[in-house]
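So the structure is just underneath, and the comments pick up after that.
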Amino acid sequence: MKDKLNELAAQSAAAIEAADSLEALEELRVRFLGKKGELTAILKMMGKLSAEERPVMGQLANSVRAKLESELETRKKELGEKALEARMKAEALDVTLPGKHVELGHKHPMYIALDELKDIFIGMGFTVLDGPEVELAEYNFDKLNAEEGHPSRDWSDTFYFDNDSRVMLRSQTSPMQVRAMETMPLPIRIVAPGRVYRKDEVDATHSPMFHQVEGMVIDRHVTMADLKGTLNAMVRRLYGENTKTRFRPHHFPFTEPSCEMDVQCHKCGGVGCPTCKGEGWIELLGAGMIHPHVLEMSGIDPEVYSGWAFGIGLERTAMRRFKIADLRLIFENDLRFLTQF
Ligand code: DAH
């Protein structure tokens with residue numbers, strides 16, 4: 113029995129040393145130390161030994177078991193470290209390799225112009241509003257003083273959803289004036305950018321969808337001087353300190369008086385050239401003092417409060433800002449065009 117134990121010790125030591133994986137090692141553990149393993153088989157022979165021999169053999173068996181266990185443990189550690197090393201080698205990252213180039217997008221020129229406008233007005237204490245593109249004619253027309261029969265309500269100009277002409281794609285951002293008046297506490301200072309829709313054929317200056325930015329101020333003692341001062345400040349920030357402006361009388365149903373604001377042509381300095389079609393001036397926006405009846409319809413007392421509003425076309429602002437000749441370029445999203453800004 114002693115020989116068998118010694119043989120097992122020698123054999124197992126060699127086998128454990130030779131095991132090349134954690135799985136192989138586990139198989140050896142079962143083979144030598146398991147319930148049906150070789151050591152157990154030898155120990156079953158204990159019964160046949162004499163009373164003197166038994167404790168001596170028991171001691172030897174225990175030391176063989178202890179030696180086996182510690183050898184298994186040592187090999188397990190070695191193999192574990194080896195496996196980790198191999199994994200680290202396999203997953204190693206070569207940080208000196210050139211990286212993959214990721215194409216970054218950038219801002220669309222129209223949104224560059226919009227962000228500039230927002231910055232200017234946020235800096236003057238205005239709040240930026242967002243509103244629905246599917247709008248009620250009540251907001252787009254009625255509460256802006258454009259009653260039934262007003263030419264702008266015509267089916268040939270406006271996208272309606274229903275036969276009664278009550279629901280439509282907004283044709284201007286001006287309904288945001290009404291929405292602001294109905295929901296915001298006074299005083300109000302807002303700008304509201306967004307898409308608007310009109311039945312226009314596409315050409316170099318027209319599109320059935322385009323963008324406007326609406327602006328509105330309502331407070332006590334607001335006058336036309338505030339309107340001109342604010343819009344002049346905006347134009348100087350957009351087109352330079354020395355930009356000249358002029359205000360021409362005009363008509364809009366929801367303002368009284370109404371005006372259009374022109375900027376002096378940046379190309380010719382006012383002399384007249386193809387850019388300004390010989391005029392020396394370029395039309396920029398519509399504006400005016402909010403009609404007392406419009407204030408009244410939204411529950412604001414025109415005896416106490418007054419206000420002004422403006423609406424500016426965003427595509428045209430961007431086209432002037434970046435000297436873009438054709439409106440269609442703004443919408444085509446051709447990268448050869450877009451990456452220039
Ligand atoms: N909504 C007008 C348009 O689409 C532009 C406009 C004119 C807006 C005068 C205003 C304003 O707020 O006061 O032509």
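Residue numbering for the sequence shown follows the working numbering, starting at 113 and increasing by one per position. Here a beta-carbon is modelled for each residue, glycine too, at the ideal position from N, C-alpha and C.
What residues match up with Leu281 in a beta bridge as DSSP calls it? By 1-based counting over the sequence shown, the position of residue 281 is 169. Val246.
Is Gly327 closer than 9 Å to Phe253 when the C-beta atoms are compared? Numbered from its first residue, the sequence shown carries residue 253 at position 141. Numbered from its first residue, the sequence shown carries residue 327 at position 215. Contact: no.
Determine whether the beta carbon atoms of Leu350 and Leu229 lie at a separation below 9 Å. Here the question's residue 350 lines up with position 238 in the sequence shown. Here the question's residue 229 lines up with position 117 in the sequence shown. Going by C-beta atoms, Leu350 is nearer than 9 Å to Leu229.
I need the boundaries of the alpha helix (DSSP H) containing Met405, first residue and last residue. For this step, residue 405 is matched to residue 293 along the sequence shown. According to the sequence as given, residue 405 is His; it is not Met. Going by DSSP, His405 is part of the alpha helix (DSSP H) stretching over 404–409.
How long is the line joining the alpha carbons of Gly446 and Lys219, rounded to whole angstroms? Within the sequence shown, the letter at position 334 stands for residue 446. Within the sequence shown, the letter at position 107 stands for residue 219. The question names Gly, but residue 446 in the sequence shown is Asp. CA-to-CA, the gap between Asp446 and Lys219 works out to about 13 Å.
Which first and last residues belong to the beta strand (DSSP E) in which Pro369 is found? The residue you call residue 369 lines up with position 257 of the sequence shown. 367–376 is the span of the beta strand (DSSP E), which, as asked, contains Pro369.
First and last residue of the alpha helix (DSSP H) that includes Pro305? Your numbering for residue 305 matches position 193 in the sequence shown. Pro305 -> not in any alpha helix (DSSP H); beta strand (DSSP E) instead, spanning 300–309.
Rounded separation between Leu184 and Gly170 - CA only: Along the sequence shown, read from residue 1 onward, the residue named residue 184 stands at position 72. Along the sequence shown, read from residue 1 onward, the residue named residue 170 stands at position 58. Rounded to the nearest whole angstrom, the CA to CA distance from Leu184 to Gly170 is 21 Å.
Just the Cα atoms here: how many angstroms apart are Pro287 and Pro210? Within the sequence shown, the letter at position 175 stands for residue 287. Within the sequence shown, the letter at position 98 stands for residue 210. Cα-Cα distance, rounded: 54 Å.
Would you say Pro305 and Leu426 are within 9 Å of each other, going by their C-beta atoms? Translated into positions along the sequence shown, residue 305 becomes position 193. Translated into positions along the sequence shown, residue 426 becomes position 314. Their beta carbons are under 9 Å apart, which means Pro305 touches Leu426 by this criterion.
Identified DSSP bridge partners for Ile424: In the sequence shown, the residue the question calls residue 424 occupies position 312. Its beta-bridge partners are Val325, Leu397.
What is the DSSP secondary structure of Gly211, reduced to helix, strand or coil? Your numbering for residue 211 matches position 99 in the sequence shown. Coil.
Could you tell me if Asp374 is buried or exposed, where buried requires 16 or more neighbouring beta carbons within 10 angstroms of its beta carbon? For the purposes of this step, residue 374 is taken as the residue at position 262 of the sequence shown. Answer is buried; the Cβ neighbour count reaches 16.
Can the beta-carbon of Leu134 be found less than 9 Å from the beta-carbon of Leu196? By one-based count along the sequence shown, residue 134 stands at place 22. By one-based count along the sequence shown, residue 196 stands at place 84. Not closer than 9 Å, so no.
Terminal residues of the beta strand (DSSP E) in which Arg358 lies: Stepping through the sequence shown from its first residue, residue 358 is reached at position 246. For Arg358, the enclosing beta strand (DSSP E) begins and ends at 357–362.
So, with DSSP's three-state summary, where would you put Val314? Taking the sequence shown and counting its residues from 1, the one referred to as residue 314 is at position 202. Of the three classes helix, strand and coil, the one that applies to Val314 here is coil, per DSSP.
Buried or exposed, going by whether 16 or more other CB atoms sit within 10 Å of the CB of Gly423? As a position in the sequence shown, residue 423 is number 311, starting the count at 1. Around the Cβ of Gly423, a 10 Å sphere holds 16 or more other Cβ atoms; the residue is buried.
So, for Thr270: in the same chain, excluding its five sequence neighbours on each side, which residues have a beta-carbon less than 6 Å away from its beta-carbon? Residue 270 sits at position 158 when you count from the first residue of the sequence shown. Within the same chain, Thr270 has close Cβ partners Met280, Ser283.
Does the beta carbon of Gln452 fall short of 8 Å from some heavy atom of ligand 1? Within the sequence shown, residue 452 is the residue found at index 340, counting from 1. Relative to ligand 1, the beta carbon of Gln452 is positioned no closer than 8 Å to any heavy atom.
Decide yes or no for the touch test of the stretch 379–395 against the stretch 300–320: beta carbon pairs closer than 8 Å, at least 3 of them. Verdict: no, contact absent.
Is Pro221 buried or exposed, if buried means 16 or more other CB atoms sit within 10 Å of its CB? Numbered from 1 along the sequence shown, position 109 holds the residue referred to as residue 221. Counting the other Cβ atoms within 10 Å of the Cβ of Pro221 gives 16 or more, which makes it buried.
In terms of residues, what are the limits of the alpha helix (DSSP H) holding Phe273? Here residue 273 refers to the residue found at position 161 when the sequence shown is read from its first residue. Membership of Phe273 in any alpha helix (DSSP H) is not indicated, and neither H nor E is assigned to it by DSSP.
What's the gap between the Cα of Leu450 and the Cα of Asp315? If you number the sequence shown from 1, residue 450 lands on position 338. If you number the sequence shown from 1, residue 315 lands on position 203. Rounded to the nearest angstrom, the two C-alpha atoms are 19 Å apart.
Is Gln376 near ligand 1, with its Cβ less than 8 Å from a heavy atom? Here the question's residue 376 lines up with position 264 in the sequence shown. No - ligand 1 has no heavy atom lying nearer than 8 Å to the Cβ of Gln376.
Can the beta-carbon of Ala125 be found closer than 9 Å to that of Lys179? Mapped onto the sequence shown, residue 125 falls at position 13. Mapped onto the sequence shown, residue 179 falls at position 67. Result yes, Cβ atoms of Ala125 and Lys179 sit closer than 9 Å.
C-alpha gap between Leu155 and Pro167, whole angstroms: Start at 1 with the first residue of the sequence shown, and residue 155 comes out as number 43. Start at 1 with the first residue of the sequence shown, and residue 167 comes out as number 55. Distance between the alpha carbons of Leu155 and Pro167 is about 12 Å.
Are there 16 or more other CB atoms within 10 angstroms of the CB of His363, so buried, or fewer, so exposed? For the purposes of this step, residue 363 is taken as the residue at position 251 of the sequence shown. With fewer than 16 neighbouring CB atoms inside 10 Å of its own CB, His363 falls in the exposed class.
How long is the line joining the alpha carbons of Gly400 and Lys212, rounded to whole angstroms? Here residue 400 refers to the residue found at position 288 of the sequence shown. Here residue 212 refers to the residue found at position 100 of the sequence shown. C-alpha separation (whole angstroms): 54 Å.
How is the alpha helix (DSSP H) around Tyr417 delimited, first residue to last? As a working note, residue 417 is residue 305 in the sequence shown. Element bounds for Tyr417: n/a, residue is neither H nor E.
Any idea what DSSP makes of Ile60, helix, strand or coil? Here the chain has residues from 113 to 453 only, and residue 60 is not among them.
Using the C-alpha atoms, what's the distance from Met409 back to Cys380? For the purposes of this step, residue 380 is taken as the residue at position 268 of the sequence shown. For the purposes of this step, residue 409 is taken as the residue at position 297 of the sequence shown. Roughly 45 Å separates the two Cα atoms.
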